[in-house]
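Q:
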Amino acid sequence: MKKVANMWLEFLTGLCLFVVVVTGFLQVFFRFVLKLPAPWTEELSRLAFVYMAFFGAVLGAKYNMHLSVDILSKVPKKWRKHILSVSYIACIAFMAVFTWYGWVHAKNSEVQLTPTLEISYFYIYLIMPFSGILMIYYLLKSLIAIWQGKDVTDG
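Quick note on numbering: the sequence shown equals residues 8 to 162 in the numbering used here.
1. Measuring only the C-alpha atoms, how far is L133 from L146?
2. How many Å lie between Y95 and F137 at the Cα?
3. Secondary structure at S52, three-state DSSP: helix, strand or coil?
4. State yes or no: is the C-beta of V65 within less than 9 Å of the C-beta of L141?
5. Go through its chain and collect everything with a Cβ distance to K114's Cβ below 8 Å, but skip five positions before and after it.
6. Taking just the CA atoms, how far does S52 sit from V26?
Below you can see the structure in the form of structure tokens.
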């Protein structure tokens with residue numbers, strides 16, 4: 008049960024992918040088979056794609072799978088911990104700024120509505136601070152693991 012509870016982010020990412028595929032199919036079906044365009048499918052597909060991308064970025068942080076330059080194998084072991092620490096602290100600082108300005112952007116977009124679904128842009132842009140908080144959490148978790156002497160470089 009604990010493993011299932013730990014997979015909620017993977018589930019949400021997969022659900023977003025499912026929505027992208029189904030709405031893409033419906034868009035083609037409505038437009039070319041029924042000759043009746045459904046503009047809501049394009050907007051919902053775009054929204055699900057954006058959420059999927061941000062959830063995927065969080066998953067990258069969770070599993071330490073973001074792109075990196077693998078020069079640490081050449082660095083003496085006593086320096087690896089310090090280099091990784093600086094790297095993670097810089098990432099956390101960037102994500103803190105991203106999270107803050109993502110929240111500011113979401114709040115500033117509160118009164119705007121999407122053209123078709125008429126959803127407040129606040130809910131669309133809310134993924135930025137939400138994913139930022141999650142990424143900070145996973146980056147901090149990795150940073151603590153580094154300080155405890157655990158290897159986090161292999162994903």
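Just so it is clear, CB atoms sit at the ideal spot from N, CA and C, and this is done for glycine as well.
A: On the basis of the supplied data:
1. 20 Å
2. 19 Å
3. helix
4. yes
5. F129
6. 7 Å
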